[in-house]
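Engineer: Encoded as structure tokens, here's the structure I'll be asking about.
There are 2 protein chains.
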Amino acid sequence: MQISPLLENLIESLRVLPGVGPKSAQRMAYHLLQRNRAGGINLAKAVEEAMTHIDHCELCRTFTEEKVCNICKNPRRQANGQLCVVETPADIQAVEQTGQFSGRYFVLMGHLSPLDGIGPREIGLDVLQQRLESESFYEIILATNPTIEGDATANYIAEMCLPYNIKVTRIAHGIPVGGELEMVDGTTLSHSFVGRRDLNL
Amino acid sequence: MQISPLLENLIESLRVLPGVGPKSAQRMAYHLLQRNRAGGINLAKAVEEAMTHIDHCELCRTFTEEKVCNICKNPRRQANGQLCVVETPADIQAVEQTGQFSGRYFVLMGHLSPLDGIGPREIGLDVLQQRLESESFYEIILATNPTIEGDATANYIAEMCLPYNIKVTRIAHGIPVGGELEMVDGTTLSHSFVGRRDLNL
Numbered sequence: 001m002q003i004s005p006l007l008e009n010l011i012e013s014l015r016v017l018p019g020v021g022p023k024s025a026q027r028m029a030y031h032l033l034q035r036n037r038a039g040g041i042n043l044a045k046a047v048e049e050a051m052t053h054i055d056h057c058e059l060c061r062t063f064t065e066e067k068v069c070n071i072c073k074n075p076r077r078q079a080n081g082q083l084c085v086v087e088t089p090a091d092i093q094a095v096e097q098t099g100q101f102s103g104r105y106f107v108l109m110g111h112l113s114p115l116d117g118i119g120p121r122e123i124g125l126d127v128l129q130q131r132l133e134s135e136s137f138y139e140i141i142l143a144t145n146p147t148i149e150g151d152a153t154a155n156y157i158a159e160m161c162l163p164y165n166i167k168v169t170r171i172a173h174g175i176p177v178g179g180e181l182e183m184v185d186g187t188t189l190s191h192s193f194v195g196r197r198d199l200n201l
Numbered sequence: 001m002q003i004s005p006l007l008e009n010l011i012e013s014l015r016v017l018p019g020v021g022p023k024s025a026q027r028m029a030y031h032l033l034q035r036n037r038a039g040g041i042n043l044a045k046a047v048e049e050a051m052t053h054i055d056h057c058e059l060c061r062t063f064t065e066e067k068v069c070n071i072c073k074n075p076r077r078q079a080n081g082q083l084c085v086v087e088t089p090a091d092i093q094a095v096e097q098t099g100q101f102s103g104r105y106f107v108l109m110g111h112l113s114p115l116d117g118i119g120p121r122e123i124g125l126d127v128l129q130q131r132l133e134s135e136s137f138y139e140i141i142l143a144t145n146p147t148i149e150g151d152a153t154a155n156y157i158a159e160m161c162l163p164y165n166i167k168v169t170r171i172a173h174g175i176p177v178g179g180e181l182e183m184v185d186g187t188t189l190s191h192s193f194v195g196r197r198d199l200n201l
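Residue numbers (the UniProt record's numbering), protein chains in the order written: chain A, 1 to 201; chain B, 1 to 201.
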């Protein structure tokens, strides 16, 4: 017994969102209808505009509605000469929040995964190669995730940079700040020993 | 540093959904952009149509895009003569799924709550009164939630029905099927004793 086809359609459509099952979708639909129609209209407009206008930056491949994103356009960031390679646009947000980096980014939109058919082309390494040839970078910082795939991708890019004589670095792996030594897994702990630093005060 | 105003706007707008904080909103936005733009477009359309076209049924006050909903229009349900009073449209779904009821509904869209300024008018009891006067019901089933407010609302409606000489019933409170006696709270258990039934096999 369909009471309202539009309502059923709304509930069904909300399930494209990650982590939203039938019950939450129903709750969301009723919430919008009962309490926040204006918010719903805004949401519809925001989703529609984002889906149709947001594309990838031609230089760094992050999400933007312009041809080249604000970070790539910024002259101060261009002068910096550092390029940070990350897996997703969300990683840019995370790095930006640290305030430790003021160079530009390159977003892979994933990592190498040959079994899933994701090779160098799929993560935009041809675009990166072109940039290495046409621009002159002082340093490439590889900030892919500390997973097997992320490490493999970092190594692949490091080899790719060899002919250009650029400094290539990988972000440090080790014990998270505030963590306890005895709680940390063995791999992380051995990474933190291998990557130990001089404390020549 | 705003990278993409449209993206920021999308993330902000997703937060109107109940249970969606900044992190989930970001995850949802990236998921739609990266994996399911068609689903996103559909979602935008579904939300927009639902927000602009769905209104309340003139008879039972549930959500529908027509003047009178499919259940109220159904001649077989009209002939049944039972009216089930529930708090929300979601409750209709729940009752429908039991397959135990084939009458019509009346949706209060809440419950009496004088401290919050929700009186009989706000939950549509004037509409209900009109229906009691103009139609002839065989039975009113009060299926409001088993809470203090739900019980109070049920009692109020029961008194409202007195002059019309209609059978008024309240759904049974008791131990949920599959539950264990020792785990059930005292109030529920005492309800299940007060509401015990003859088992004259």
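Virtual Cβ for every residue (Gly too), placed ideally from N, Cα, C.
Under 8 Å Cβ to Cβ from B/P22, same chain only, skipping five residues before and after it: list those, please.
Structural biologist: Counting from 1 along the second sequence, the entry for residue 22 of chain B is found at position 22. Excluding positions up to five away in sequence, the list reads I11, R15.
Engineer: What span of residues does the alpha helix (DSSP H) with B/F193 cover, start to end?
Structural biologist: What you label residue 193 of chain B is simply residue 193 of the second sequence in a count that begins at 1. B/F193 -> alpha helix (DSSP H) spans 186-194.
Engineer: Give the single residue among B/A172, B/Q129, B/E159 whose Cα lies nearest to the Cα of B/V194.
Structural biologist: For this step, residue 194 of chain B is matched to residue 194 along the second sequence. Cα-wise, what sits closest to B/V194 is B/A172.
Engineer: Can you check whether the C-beta of A/P18 is within less than 9 Å of a C-beta belonging to chain B?
Structural biologist: As a first step, residue 18 of chain A is located in the first sequence; it is residue number 18 there, counting from the start. True, the Cβ-Cβ gap to chain B drops below 9 Å.
Engineer: What does the alpha-carbon distance come out to for the pair A/A46 and B/E8?
Structural biologist: Residue numbering aside, residue 46 of chain A sits at position 46 when the first sequence is read from its first letter. Residue numbering aside, residue 8 of chain B sits at position 8 when the second sequence is read from its first letter. CA-CA distance, A/A46 to B/E8, rounds to 9 Å.
Engineer: Of the choices A/D126, A/L17, A/E159, whose alpha-carbon is the least far from that of A/L142?
Structural biologist: Translated into the one-based positions of the first sequence, residue 142 of chain A becomes position 142. Nearest C-alpha to A/L142: A/E159.
Engineer: By alpha-carbon positions, which one of B/N42, B/L33, B/E65, B/C60 ends up nearest to A/A50?
Structural biologist: Stepping through the first sequence from its first residue, residue 50 of chain A is reached at position 50. Of the listed residues, the one whose Cα sits closest to A/A50 is B/L33.
Engineer: Applying the 10 Å Cβ sphere with the 16-neighbour rule, what's the burial state of A/Q26?
Structural biologist: Here residue 26 of chain A corresponds to residue number 26 of the first sequence, with the count starting at 1. Looking at its Cβ environment, which holds 16 or more other Cβ atoms inside 10 Å, A/Q26 is buried.
Engineer: In the structure shown, what three-state DSSP assignment does B/Q2 receive?
Structural biologist: Here residue 2 of chain B corresponds to residue number 2 of the second sequence, with the count starting at 1. In this structure, B/Q2 counts as coil in the three-state DSSP scheme.
Engineer: B/S4 and A/C161: beta carbons closer than 9 Å?
Structural biologist: By 1-based counting over the second sequence, the position of residue 4 of chain B is 4. By 1-based counting over the first sequence, the position of residue 161 of chain A is 161. Against a cut-off of 9 Å, the Cβ pair of A/C161 and B/S4 comes out as no contact.
Engineer: Strictly under 9 Å for the Cβ-Cβ distance: is A/L6 near chain B by that measure?
Structural biologist: Numbered from its first residue, the first sequence carries residue 6 of chain A at position 6. Closer than 9 Å to some Cβ of chain B, the Cβ of A/L6 qualifies, so yes.
Engineer: What's the gap between the Cα of B/R37 and the Cα of B/L43?
Structural biologist: Indexing the second sequence from 1 puts residue 37 of chain B at position 37. Indexing the second sequence from 1 puts residue 43 of chain B at position 43. Those two C-alpha atoms are separated by around 10 Å.
Engineer: Whether or not the region 97-115 of chain A and the region 147-159 of chain A are in contact is what I'm after, with contact meaning three or more pairs of Cβ atoms, one per stretch, closer than 8 Å; do they touch?
Structural biologist: yes
Engineer: Please go through the same chain and pick out, in chain order, the residues whose beta-carbon is closer than 8 Å to the beta-carbon of A/F101, but skip the five residues on each side of it.
Structural biologist: Translated into the one-based positions of the first sequence, residue 101 of chain A becomes position 101. Closer than 8 Å at Cβ, skipping near neighbours: Q82, C84, V95, I141.
Engineer: In the DSSP assignment, find the beta strand (DSSP E) that holds B/Y30 and state where it starts and stops.
Structural biologist: What you label residue 30 of chain B is simply residue 30 of the second sequence in a count that begins at 1. Not the beta strand (DSSP E): B/Y30 falls in the alpha helix (DSSP H), residues 22-35.
Engineer: At 7 Å on the CB atoms, spell out the chain A contacts of B/A90, in chain order.
Structural biologist: Within the second sequence, residue 90 of chain B is the residue found at index 90, counting from 1. In chain order: Q26, Y30.
Engineer: For A/M28, count the other beta carbons within 10 Å of its own beta carbon; 16 or more makes it buried, fewer makes it exposed. Which is it?
Structural biologist: For the purposes of this step, residue 28 of chain A is taken as residue 28 along the first sequence, with counting starting at 1. Buried: at least 16 other Cβ atoms inside 10 Å.
Engineer: What are the residues that DSSP puts in a beta bridge with B/F106?
Structural biologist: Reading the second sequence from its first residue, position 106 is the one you call residue 106 of chain B. According to DSSP, B/F106 bridges with B/V85.
Engineer: With 16 other CB atoms within 10 Å as the buried threshold, where does B/T187 fall?
Structural biologist: In the second sequence, residue 187 of chain B corresponds to position 187, counting from 1. B/T187 is exposed by the Cβ-count criterion.
Engineer: If we define contact as Cβ-Cβ less than 9 Å, is A/T62 a contact residue for chain B?
Structural biologist: Within the first sequence, residue 62 of chain A is the residue found at index 62, counting from 1. Among the residues facing chain B, A/T62 is included, as its CB has a counterpart in that chain under 9 Å away.
Engineer: For B/K73, which three-state DSSP category applies?
Structural biologist: As a first step, residue 73 of chain B is located in the second sequence; it is residue number 73 there, counting from the start. In this structure, B/K73 counts as helix in the three-state DSSP scheme.
Engineer: Using beta-carbon positions only, say whether B/Q78 and B/R104 come within less than 9 Å of one another.
Structural biologist: Within the second sequence, residue 78 of chain B is the residue found at index 78, counting from 1. Within the second sequence, residue 104 of chain B is the residue found at index 104, counting from 1. Yes, the Cβ-Cβ distance between B/Q78 and B/R104 is below 9 Å.
Engineer: For A/T169, which beta-bridge partners are listed by DSSP?
Structural biologist: Position 169 of the first sequence, counted from the first residue, corresponds to residue 169 of chain A. Its beta-bridge partners are A/I141.
Engineer: Against chain A, does B/Q34 count as a neighbour if the rule is that its beta carbon must be under 9 Å from one of theirs?
Structural biologist: Reading the second sequence from its first residue, position 34 is the one you call residue 34 of chain B. With respect to chain A, the C-beta atom of B/Q34 has a partner C-beta closer than 9 Å.
Engineer: Counting only Cβ pairs nearer than 7 Å, list the residues of chain A close to B/N9.
Structural biologist: In the second sequence, the residue the question calls residue 9 of chain B occupies position 9. In chain order: A46.
Engineer: Opposite B/H56 in the DSSP bridges: which residues?
Structural biologist: The count along the second sequence starts at 1 and reaches residue 56 of chain B at position 56. Beta-bridge pairing links B/H56 to B/F63.
Engineer: Could you tell me if A/G178 is buried or exposed, where buried requires 16 or more neighbouring beta carbons within 10 angstroms of its beta carbon?
Structural biologist: Residue numbering aside, residue 178 of chain A sits at position 178 when the first sequence is read from its first letter. So A/G178 ends up on the exposed side.
Engineer: Comparing the C-beta of B/C69 with each C-beta of chain A, is any distance below 9 Å?
Structural biologist: As a working note, residue 69 of chain B is residue 69 in the second sequence. Closer than 9 Å: yes.
Engineer: Return the Cβ separation of B/E133 and B/K167 in integer angstroms, given the expectation that the two are a contact with Cβ distance under 8 Å.
Structural biologist: In the second sequence, the residue the question calls residue 133 of chain B occupies position 133. In the second sequence, the residue the question calls residue 167 of chain B occupies position 167. Their Cβ separation, rounded to whole angstroms, is 17 Å, which puts B/E133 and B/K167 out of contact at 8 Å.
Engineer: Along chain A, in chain order, which residues have C-beta atoms closer than 9 Å to that of B/Q2?
Structural biologist: For the purposes of this step, residue 2 of chain B is taken as the residue at position 2 of the second sequence. What B/Q2 touches in chain A: N70.
Engineer: Based on the DSSP output, what are the partners of B/S113 in its beta bridges?
Structural biologist: Numbered from 1 along the second sequence, position 113 holds the residue referred to as residue 113 of chain B. B/S113 pairs with B/I118.
Engineer: Would A/Y164 be called buried (16 or more neighbouring beta carbons within 10 Å of its own) or exposed?
Structural biologist: Here residue 164 of chain A is taken as the residue at index 164 of the first sequence, counted from 1. Flag for A/Y164 reads exposed.
Engineer: Is it right to say A/D185 is buried, meaning 16 or more other beta carbons lie within 10 angstroms of its own, or is it exposed?
Structural biologist: Looking up residue 185 of chain A in the first sequence gives position 185. With fewer than 16 other Cβ atoms within 10 Å, it is exposed.
Engineer: Whose C-alpha, out of B/E182, B/I175, B/E66, B/T64, is nearest the C-alpha of B/H191?
Structural biologist: Residue numbering aside, residue 191 of chain B sits at position 191 when the second sequence is read from its first letter. Checking every option, the nearest Cα to that of B/H191 belongs to B/I175.
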